[in-house]
Amino acid sequence: MIIPPWTASRPRLSESPQRTQGPGKRSEGSTSVHEAERLQDELKESVVRTSAPIEPPRTVTGLDVTYDTGSDRAVAAAVVVDVASLEVVEVAFHRGEATFPYVPGLLAFREVPLLVAAIERLSTPPALLVCDGYGLAHPKRFGLASHLGVVLDLPSYGVAKTAFVGEFTPPAEQRGAHADLTDAGEVIGSVVRTQTAVKPVFVSAGHRIGLDDCVSLTLRLSGRHRIPEPTRQADIESRKMLREWRSLE
DNA sequence: GCGACAG
DNA sequence: ATCTTGTCGC
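Under the numbering used here, think of the first position of the first sequence as 2, with each following residue one higher.
Structural data, given as structure tokens:
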């Protein structure tokens, strides 16, 4: 298994930026956010963008992280789902502590370490990763899904619940309808209606997968819920595990 | 300068 | 993300 290259320079929580100051606006002294941005610029060069269709995977791995209130304790879950039946095949967890604060645009530095640890505990190697967040639809075109895909060199994409970057015209109300998410003149993702008359989700490619495949997979994986089963189950499982962890302490 | 800002 | 009750609807 690959060792994430940035683990050697984990920023300290004591250097967390305050709500009122954005990344890069802090006075000299700490370099955590700047360091992360530098690593981000370096890693993004490795993203593979493509429009070539992939062979439909038999299973996909959904990922999510649940945080403890107040502290930075967290549980990451990796859930393998069978694409044909939407049944959960395997679940793996990692209980740990987030070592980087939440900073818009730098979510990967907070969640990737936890997610990688959970993925490493799976008995079967993932074929495709589905993340809770964005991939190319990111200010630097390198969101969580892209970052994780590059670090593990696996195909990946993201499904976010709310808007972050880009513009779009709301897709039709029918399930399956979708509209381009554009920014600076390029299509960076798709706003997808996974259920009729339900708020759409934001889909974007992460690494080694085309947007069209991401959209069709998202629809195939969304049984009767807004959120596709892999990440939905990862959310449920990580919450459940955090509850258990709390109860026995 | 001001507001917005994945999870 | 998380803090929170009830409530409307399939």
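The beta-carbon is built from N, C-alpha and C at its ideal position, and this holds for glycine as well.
Treat the numbers as computed from the prediction; the structure is a model and nothing was measured.
Notebook entry, point to check: Under three-state DSSP, which class holds Val151?
Noted result: helix
Note to self: To the nearest angstrom, how far is the alpha carbon of Asp236 from that of Leu64?
What the structure shows: One C-alpha to the other measures close to 8 angstroms.
Check: Hey, quick one: how far does the alpha helix (DSSP H) through Val216 stretch, first residue to last?
Finding: 212-222
Notebook entry, point to check: According to DSSP, is Val192 helix, strand or coil?
Noted result: strand
Next item on the list: For Gln175, count neighbouring C-beta atoms within 10 Å of its own C-beta (all shown protein chains included) and say buried if the count is 16 or more, exposed if not.
Entry: exposed
Notebook entry, point to check: If we call anything under 9 angstroms between Cβ atoms a contact, is Ala85 one with Arg50?
Noted result: no
Note to self: Only counting the same chain, and skipping five residues up and downstream in sequence, which positions put a Cβ closer than 6 angstroms to that of Gly97?
What the structure shows: Leu115
Notebook entry, point to check: Using DSSP with H/G/I as helix, E/B as strand and the rest coil, what is Asp73?
Noted result: Of the three classes helix, strand and coil, the one that applies to Asp73 here is coil, per DSSP.
Item checked: Any non-hydrogen atom of the ligand GTP closer than 8 angstroms to Leu108 Cβ -> Because no ligand of any kind appears in the structure shown, any question about the ligand GTP cannot be addressed here.
Notebook entry, point to check: From Gln41 to Pro102, what does the alpha carbon distance come to, in whole angstroms?
Noted result: Computed Cα separation, rounded: 15 angstroms.
Next item on the list: Quick one: give me the first and last residue of the alpha helix (DSSP H) that Thr232 is part of.
Entry: 230-248
Checklist line | Among Pro57, Glu121, His148, nearest to Glu38 - alpha-carbon criterion | finding: His148
Notebook entry, point to check: With a Cβ-Cβ cutoff of 9 angstroms, do Thr165 and Lys45 count as a contact?
Noted result: Here residue 165 turns out to be Phe, not Thr, going by the sequence shown. Contact flag unset, no.
Margin query: Quick check on Glu187: does DSSP put it in helix, strand or coil?
Written below: strand
Notebook entry, point to check: Roughly how many angstroms lie between the CA atoms of Ser205 and Gly136, to the nearest whole one?
Noted result: 5 angstroms
Notebook entry, point to check: Measuring CB to CB, does Leu129 end up less than 9 angstroms from Val199?
Noted result: no
Checklist line | Top-ranked residue by Cα proximity to Glu168, from Val92, Asp154, His139, Arg225 | finding: His139
Note to self: For Thr70, count the other beta carbons within 10 Å of its own beta carbon; 16 or more makes it buried, fewer makes it exposed. Which is it?
What the structure shows: exposed
Notebook entry, point to check: By a C-beta neighbour count over all protein chains shown, 10 Å radius and 16 as the cutoff for buried, is Pro231 buried or exposed?
Noted result: Burial is judged here by how many other beta carbons sit within 10 angstroms of a residue's own beta carbon; Pro231 has at least 16 and is buried.
Check: Using the beta-carbon count (16 or more within 10 Å), is Pro127 buried or exposed?
Finding: buried
Item checked: Whole runs of the alpha helix (DSSP H) within the stretch 87-165, excluding any shorter than 4 residues -> 108-121, 145-153
Checklist line | Arg74 versus Ala118: straight-line alpha-carbon distance, rounded | finding: 14 angstroms
Notebook entry, point to check: Distance, Cα to Cα, Thr163 vs Val202?
Noted result: 7 angstroms
Item checked: Short Cβ contact (9 angstroms threshold) for Val251 with Tyr158 -> Lying outside 2 to 250, the shown extent of the chain, residue 251 is not represented and no answer is given.
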